[in-house]
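Trainee:
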Amino acid sequence: MLKRIVQLFIVITGGTIGYLYIPEILANMDLSWQGWIQSVAGAIIGALILFLLTFWIVDYIVDFLRWVEDALVRVPVADLLFGSLGLIVGLIIAYLINNLLQDIEIKVISQILPIFITFLLGYFGFQVGFKRKDEFLNLLMIAKKDKKANEDEIAQNATEAEALIPKEKILDTSVIIDGRIADICETHFLEGTIVIPQFVLEELQHIADSSDGLKRNRGRRGLDILNRLQKDLPVKVEIYDGDFEDVQEVDSKLVKLAKVMDGIVVTNDFNLNKVCEFQNVQVLNINDLANAVKPVVLPGEEMTIQVIKDGKEQKQGIGYLDDGTMIVVEEGKNYIGKTIEVIVTSVLQTSAGRMIFARPKSLEKAL
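Following the UniProt record's numbering from start to finish, the sequence shown increments by one per residue and tops out at 367.
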């Protein structure tokens, strides 16, 4: 395609040159042709001559153009920008000079010389813009220094004002199913708009339609919590209808949405919490809040619990406090189904939750 365009350009150039100069040659040959016939003949002859030359030079021209194209693609944007600006300035100056040359009746000066002037000034303009771009950039930076102080002050005021506006809180599936988010909103501890992404709603719907009874109940509980948030609680709830089709995982979509909205992810998922921290996305973990407001349990304290099941390790029993905290009872396997007094031996508290280790009080007495 490029080769055909070059050939067409050469033919048009040959026709133009033939139209301008060959009629004079034909007139000197004393041919009895009318003026317009000489002009047409000149255009045809000029076009034909250069067309025949294209078979010899067109490949060189095409190779040169492709080389120029590759070179321009590799040039940095700043170099190309200032080079282009210099080229434009050079062409404008060449245009002004060429207008003055048009009044001269000598064809070489009025018609040929402007071509060289245009080429040279365009070339020099490009070179000046390309090679002195750093100086131009410095001039622009100096011009902006006077405005920088005001802009910084305005930006600081805007940042302070923005900081006073609560960021939007984006809920994930796990924290909705958990249900404690509704109680937190009811006590006004969570400020700002609550955002429920459409893809989270779809995941809840999928869980609520599961054939597994436990999953189905969890999904329905999540939908009930959403209805409570929207209808019964003094919080603003919005549905985000957008989606990120290039991302498959719901957690990844939440992180991306938080970046887009500059919002805060609210979750009780330990892994999502870590992913948000790694990607510099603000996150509120309900488990961290729950751990912060739980009564402190110290080693040596006594409590009464019901041992419900056996633990992972041998002879361990598992019980739970009213707030759901797991208690691992050493030597507690024999007390499954019984309510016993235990003595706390240690406490493990993380973002994933809190776990208490204890021993039956009766064994401590025996020792």
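Virtual Cβ for every residue (Gly too), placed ideally from N, Cα, C.
Using 8 Å for Cβ pairs, my map puts residue 238 next to residue 195. What's the rounded Cβ distance?
Mentor: Sequence index remark: in the sequence shown, residue 238 carries index 238 (1-based). Sequence index remark: in the sequence shown, residue 195 carries index 195 (1-based). The pair is a contact, with the Cβ atoms about 5 Å apart (cut-off 8 Å).
Trainee: Does DSSP put residue 168 in a helix, in a strand, or in coil?
Mentor: The residue you call residue 168 lines up with position 168 of the sequence shown. The answer is coil: DSSP assigns residue 168 none of H, G, I, E or B.
Trainee: Going by the beta-carbon positions, is the gap between residue 336 and residue 361 smaller than 7 Å?
Mentor: Residue 336 sits at position 336 when you count from the first residue of the sequence shown. Residue 361 sits at position 361 when you count from the first residue of the sequence shown. Result no, Cβ atoms of residue 336 and residue 361 do not sit closer than 7 Å.
Trainee: Cβ atoms of residue 286 and residue 180: under 7 Å apart, would you say?
Mentor: On the sequence shown, residue 180 is found 180 positions in, with the first residue counted as 1. On the sequence shown, residue 286 is found 286 positions in, with the first residue counted as 1. Taking 7 Å as the Cβ cut-off, residue 180 and residue 286 qualify as a contacting pair.
Trainee: For residue 174, count neighbouring C-beta atoms within 10 Å of its own C-beta (all shown protein chains included) and say buried if the count is 16 or more, exposed if not.
Mentor: Position 174 of the sequence shown, counted from the start, is the residue given in the question as residue 174. Looking at its Cβ environment, which holds 16 or more other Cβ atoms inside 10 Å, residue 174 is buried.
Trainee: Grouping DSSP H, G and I as helix and E and B as strand, with all else coil, what is residue 74?
Mentor: On the sequence shown, residue 74 is found 74 positions in, with the first residue counted as 1. Here residue 74 sits in helix by DSSP.
Trainee: Can you tell me whether residue 178 is buried or exposed? The criterion is at least 16 other CB atoms within 10 Å of its CB, across all chains shown.
Mentor: Taking the sequence shown and counting its residues from 1, one reaches residue 178 at position 178. Buried, by the Cβ-count rule.
Trainee: Output needed for residue 82: all residues of its chain with C-beta closer than 7 Å, excluding positions within five of it in sequence on either side, in chain order.
Mentor: As a position in the sequence shown, residue 82 is number 82, starting the count at 1. Answer for residue 82: 129, 130, 133, 136, listed in chain order.
Trainee: With 16 as the cutoff for other CB atoms within 10 Å, does residue 126 come out buried or exposed?
Mentor: The residue you call residue 126 lines up with position 126 of the sequence shown. Per the 10 Å Cβ criterion, buried.
Trainee: Tell me, please, which residues DSSP counts as bridged to residue 240.
Mentor: Working through the sequence shown from its first residue, we reach residue 240 at position 240. Residue 240 pairs with 197.
Trainee: Inspect the beta-carbon positions of residue 263 and residue 167 and report whether they are closer than 7 Å.
Mentor: On the sequence shown, residue 263 is found 263 positions in, with the first residue counted as 1. On the sequence shown, residue 167 is found 167 positions in, with the first residue counted as 1. Going by C-beta atoms, residue 263 is nearer than 7 Å to residue 167.
Trainee: Where do the N-terminal and C-terminal ends of the alpha helix (DSSP H) with residue 277 fall, by residue?
Mentor: Counting from one through the sequence shown, the residue named residue 277 turns up at place 277. Taken as a continuous stretch (DSSP letters only), the alpha helix (DSSP H) holding residue 277 covers 270-278.
Trainee: Assuming contact is defined by CB atoms lying nearer than 7 Å, are residue 341 and residue 304 in contact in what I supplied?
Mentor: Translated into positions along the sequence shown, residue 341 becomes position 341. Translated into positions along the sequence shown, residue 304 becomes position 304. Yes.
Trainee: Return the CA-CA distance between residue 358 and residue 256, expressed in angstroms with no decimal places.
Mentor: As a working mapping, residue 358 is identified with position 358 in the sequence shown. As a working mapping, residue 256 is identified with position 256 in the sequence shown. Computed Cα separation, rounded: 42 Å.
Trainee: If residue 348 and residue 354 are in contact, beta carbons under 8 Å, what's the gap, nearest whole angstrom?
Mentor: The residue you call residue 348 lines up with position 348 of the sequence shown. The residue you call residue 354 lines up with position 354 of the sequence shown. That belief holds up - the Cβ atoms of residue 348 and residue 354 are roughly 7 Å apart, short of 8 Å.
Trainee: I need the DSSP call for residue 174, collapsed to helix, strand or coil.
Mentor: The residue labelled residue 174 in the question sits at position 174 within the sequence shown. In the structure shown, residue 174 sits in a helix (DSSP, three-state: H, G or I).
Trainee: Tell me which residues share the same chain as residue 243 and place their Cβ nearer than 6 Å to its Cβ, disregarding the 5 neighbours each side in the sequence.
Mentor: Mapped onto the sequence shown, residue 243 falls at position 243. Answer for residue 243: 199, listed in chain order.
Trainee: For the beta strand (DSSP E) that residue 307 lies in, which residues bound it at each end?
Mentor: Counting from one through the sequence shown, the residue named residue 307 turns up at place 307. Its beta strand (DSSP E) spans residues 302-310.
Trainee: Under a Cβ-count criterion, where at least 16 other Cβ atoms within 10 Å of its own Cβ denotes burial, should residue 312 be classed as buried or exposed?
Mentor: Numbered from its first residue, the sequence shown carries residue 312 at position 312. Looking at its Cβ environment, which holds fewer than 16 other Cβ atoms inside 10 Å, residue 312 is exposed.
Trainee: Rounding to the nearest angstrom, what Cα-Cα distance links residue 236 and residue 92 in this structure?
Mentor: Working through the sequence shown from its first residue, we reach residue 236 at position 236. Working through the sequence shown from its first residue, we reach residue 92 at position 92. For residue 236 and residue 92, the distance between alpha carbons rounds to 59 Å.
Trainee: What did DSSP end up calling residue 235 once you bin it into helix, strand or coil?
Mentor: Translated into positions along the sequence shown, residue 235 becomes position 235. It is coil, neither helix nor strand.
Trainee: How is residue 44 classed by DSSP in three states: helix, strand or coil?
Mentor: As a first step, residue 44 is located in the sequence shown; it is residue number 44 there, counting from the start. Looking at residue 44 - three-state DSSP - the assignment turns out to be helix.
Trainee: Can you tell me whether residue 132 is helix, strand or coil according to DSSP?
Mentor: The sequence position of residue 132 within the sequence shown is 132, counting from 1. Note: residue 132 maps to coil in three-state DSSP.
Trainee: What does the alpha-carbon distance come out to for the pair residue 13 and residue 101?
Mentor: In the sequence shown, counting from the first residue as 1, residue 13 sits at position 13. In the sequence shown, counting from the first residue as 1, residue 101 sits at position 101. Each residue's alpha carbon lies about 21 Å from the other.
Trainee: Helix, strand or coil for residue 114? Go by DSSP, reduced to three states.
Mentor: Here the question's residue 114 lines up with position 114 in the sequence shown. The answer is helix: DSSP assigns residue 114 an H, G or I state.
Trainee: Strictly by DSSP, which residues pair up with residue 320?
Mentor: Locating residue 320 in the sequence shown gives position 320, counting from the first residue. 326.
Trainee: Per DSSP, residue 382 is paired with what?
Mentor: Residue coverage of the chain in this structure runs from 1 to 367, which leaves residue 382 outside it and unanswerable.
Trainee: Under the three-state reduction of DSSP, which class applies to residue 283: helix, strand or coil?
Mentor: Here residue 283 corresponds to residue number 283 of the sequence shown, with the count starting at 1. Residue 283 falls in the strand class under three-state DSSP.
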